[in-house]
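Colleague:
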Amino acid sequence: MTPETVIAIAPEAPTKPAETPTEAPSRPSSAPGETDTEKSSDSDLDDEIQRIIREIPDPTPQPGGE
91 MTPETVIAIA PEAPTKPAET PTEAPSRPSS APGETDTEKS SDSDLDDEIQ RIIREIPDPT
151 PQPGGE
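What follows is the structure, encoded as structure tokens:
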């Protein structure tokens with residue numbers, strides 16, 4: 091194979107077909123294998139996290155702070 095042949099072939103080689111659509115995959119409503127009990131436990135966990143965040147006291151002002 092001569093260098094001229096490589097130069098003639100390289101520009102014709104596509105890196106990606108032009109017809110290929112670029113779509114973001116949509117997320118399924120529920121993960122495969124996820125059951126209703128797992129969803130409710132996730133909801134319970136979210137509720138517990140929110141409760142803990144509400145219970146955290148606000149930081150006390152430090153001397154010299156604004």
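The numbers in the numbering used here rise by one with no breaks, and the one at position 47 of the sequence shown is 137.
For glycine and all other residues, C-beta sits at the position ideal for the given N, C-alpha and C.
Here the structure is a predicted model, which means the values were calculated and not measured.
If we ignore side chains and look at the alpha-carbon of each, how far apart do R144 and P153 end up?
Modeller: In the sequence shown, counting from the first residue as 1, residue 144 sits at position 54. In the sequence shown, counting from the first residue as 1, residue 153 sits at position 63. Using only the alpha carbons, I get a separation of about 25 Å.
Colleague: If we ignore side chains and look at the alpha-carbon of each, how far apart do L135 and P147 end up?
Modeller: Along the sequence shown, read from residue 1 onward, the residue named residue 135 stands at position 45. Along the sequence shown, read from residue 1 onward, the residue named residue 147 stands at position 57. Rounded to the nearest angstrom, the two C-alpha atoms are 21 Å apart.
Colleague: Is I143 helix, strand or coil when you go by DSSP?
Modeller: Within the sequence shown, residue 143 is the residue found at index 53, counting from 1. I143: helix per DSSP, three-state reduction.
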